[in-house]
Each structure stands twice: as structure tokens, then as C-alpha cells.
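Inspection log for the structure reproduced underneath, given as C-alpha cells.
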Amino acid sequence: MEPLGISHDAFGRLRLAGFIAAEHLEQLRGWEYLDRCWVGEASGFTEWLRLESAPEVTRSVAIDLVALPESTVQNMIDALRLPLRAGQHRQEITGVFGEPTGTQSFVRDRVTLIFRIGAAEPYELSCTIHEEQGLIYLTMHPTPLPD
């Protein structure tokens, strides 16, 4: 079986502009997330971030699976080498990744499952699952993140 997730090196070269036209992107500067400051690009709640201290290397990807065209979303997921698709339900996702290492619930009708994937090049993968729509949002970043 192939390893889950893209290599850290290839992940670092990904850019949101490779999937969404530049005129539809917002440039981020001084973005705070995970107790760090970032730069990057966003389209709504889809954000691809690079640490201010290493602005050439993508370290965090968040994808709003319901706000973008299905083909764009699937191209992004495929680039990340994840066996996922929008709309999957919890048992399908845990069938691939096993039981989550953590869960979060901020809104009544959805839960975020947190996974550690990849042995040689590990990632933290978070999948937000809506009770009716299934998988609607995901984040992925190499772990551990540099300071």
C-alpha cells in the first residue's frame, strides 16, 4: 500500500494559485494560526499558508470542500495524495485512517476528527464532517511544525 500523504518536500512547493486563478485569491500577511504568524493565499475559508519565517515553503493547507467546484476540490485532494472525497461520512474516513487521535466539536451539527497520518513524513489531518453533508472541510500540515 502506498504511503498516505504527499512528501513534505512536494507539499512545501504547493501553491493555491496552482488550483484557483490568481485573481480569485486574497494574499494573506501576518495571519495568526497555530500560535504562529503566516503568509499565504486564501479563497474564502480555503487557505494555503507558509510561515513568515520560511515564506517559500507551504506548511498548512485548509480546504473548504463545499465552497469550491467539485473538480477543483478533488484535484487538491489528489495532489495531497489523500484517499478522500467531499461528502464522505465518518465511518468511511475512519475506515481509511483508523480511529482519530482527537475530536473537536464547535457546532452542534458537525465534528472534526484529528488524525496523524504518514510514518516517515507525518502529518496532522483534520476532517470536519457535517451530519448530513459528510466531509465539508479539511486541514493538513506536516508535524511537528517548525517554530
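The numbering of the sequence shown is our numbering, which starts it at 31 and goes up by one. Here a beta-carbon is modelled for each residue, glycine too, at the ideal position from N, C-alpha and C. For clarity, every value in this text was computed on a predicted model and none was experimentally measured.
Environment of ALA52 [buried if 16+ CB atoms lie within 10 Å]: The residue given as residue 52 occupies position 22 in the sequence shown. Burial call: exposed.
Runs of beta strand (DSSP E) lying entirely within the region 63–104, each at least 3 residues, in chain order: Restricted to the region 63–104, the beta strand (DSSP E) segments that are unbroken, complete and at least 3 residues in length are 66–73, 76–81 and 88–94, listed in chain order.
Terminal residues of the beta strand (DSSP E) in which GLU154 lies: As a first step, residue 154 is located in the sequence shown; it is residue number 124 there, counting from the start. Segment 153–160, the beta strand (DSSP E) holding GLU154.
Of the residues LEU46, ILE159, GLY60 and GLU82, the one placed nearest GLY117, counting alpha carbons only: Reading the sequence shown from its first residue, position 87 is the one you call residue 117. When each option's Cα is compared against that of GLY117, the closest is ILE159.
Neighbour-count burial assignment, GLU161, 16 or more Cβ in a 10 Å radius: Translated into positions along the sequence shown, residue 161 becomes position 131. Counting Cβ neighbours within 10 Å, GLU161 comes out exposed, since fewer than 16 surround it.
Backbone CA spacing between MET31 and GLY148 [nearest angstrom]: The count along the sequence shown starts at 1 and reaches residue 31 at position 1. The count along the sequence shown starts at 1 and reaches residue 148 at position 118. Per-residue confidence for MET31 stands at a pLDDT of 45, beneath the threshold of 50, marking its modelled position as unreliable; the derived number appears in the next sentence. Their Cα atoms are separated by approximately 12 Å.
Helix, strand or coil at GLN163 [DSSP, three-state]: As a position in the sequence shown, residue 163 is number 133, starting the count at 1. Three-state DSSP puts GLN163 in coil, outside helix and strand.
Best match in GLU62, PHE136 and VAL87 for proximity to LEU46 [C-alpha to C-alpha]: If you number the sequence shown from 1, residue 46 lands on position 16. Considering only GLU62, PHE136 and VAL87, the residue with the shortest C-alpha distance to LEU46 is VAL87.
Spatial distance of LEU79 from GLY60 (CA atoms): Along the sequence shown, one-based indexing puts residue 79 at 49. Along the sequence shown, one-based indexing puts residue 60 at 30. Between LEU79 and GLY60, the C-alpha separation is close to 11 Å.
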